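Take a look at the structure set out below.
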């Protein structure tokens with residue numbers, strides 16, 4: 216059962232990375248994390264005020 220759950224989680228991470236790549240954001244699966252980088256990420260971040268505000272108000276943004 217554990218192997219099935221792990222496989223589903225890995226497939227989910229690959230799906231997230233593929234969806235982000237389709238929007239121009241570089242994404243790589245590293246273990247249990249999906250790492251984002253690149254110009255597409257900065258452009259999306261700068262162009263989406265709601266995204267910036269959500270992170271800012273969550274307490275998880277840079278200080």
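Residue numbers (our numbering): 216 to 278. No residue lacks a Cβ here, since even glycine has one placed at the ideal position from N, Cα and C. These numbers come from a predicted model, not from an experiment.
*In this structure, does DSSP put residue 247 in helix, strand or coil?*
coil
*Give me the Cα-Cα distance between residue 239 and residue 255, rounded to the nearest whole angstrom.*
5 Å
*Length of the line joining the Cα atoms of residue 225 and residue 236*: 16 Å
*residue 265: buried (16+ other C-beta within 10 angstroms of its C-beta) or exposed?*
exposed
*Candidates 223, 268, 249: which alpha carbon is nearest residue 234's?*
249
*Whether residue 188 touches residue 241 by CB criterion (8 Å)*: The question about residue 188 has no answer, for the chain in this structure spans 216 to 278.
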